[in-house]
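Enquirer: Take this structure, written in structure tokens, and hold onto it; I'll ask about it next.
In this note's numbering, the protein residues as written are 7 to 94.
This is the structure in structure tokens:
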């Protein structure tokens, strides 16, 4: 397995179809909204408003994370330091 693939798997960011990933996140967040709003007594109108916001917010965050991931691949590997070193 190439080094970049193992780093992606280790970070939890594996290459997937952004639509598939986004749909799963939207579903999870929507269930969370339902649970929290139901327990909190939030009005149905407000819950509908939140549900309308979720896809846009998820899409925005996925775009940001994709850009961060692209830039992180440009960084040199982190040099591991031995355990016995004091930095003070």
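For glycine and all other residues, C-beta sits at the position ideal for the given N, C-alpha and C.
Taking residue 61 as part of the alpha helix (DSSP H), name the residues at either end of that continuous run.
Expert: Here residue 61 refers to the residue found at position 55 when the chain shown is read from its first residue. That run of the alpha helix (DSSP H) goes 50-78.
Enquirer: Does DSSP put residue 28 in a helix, in a strand, or in coil?
Expert: For the purposes of this step, residue 28 is identified with residue 22 of the chain shown, where counting begins at 1. Here residue 28 sits in helix by DSSP.
Enquirer: Taking 8 Å as the threshold, find out whether the segment 28-42 comes into contact with the segment 60-77 through three or more Cβ pairs.
Expert: Short answer: they touch.
Enquirer: How should residue 87 be labelled, buried or exposed, when 16 other C-beta atoms within 10 angstroms of its C-beta is the threshold for buried?
Expert: By 1-based counting over the chain shown, the position of residue 87 is 81. Classification of residue 87: exposed, given that the 10 Å Cβ count is below 16.
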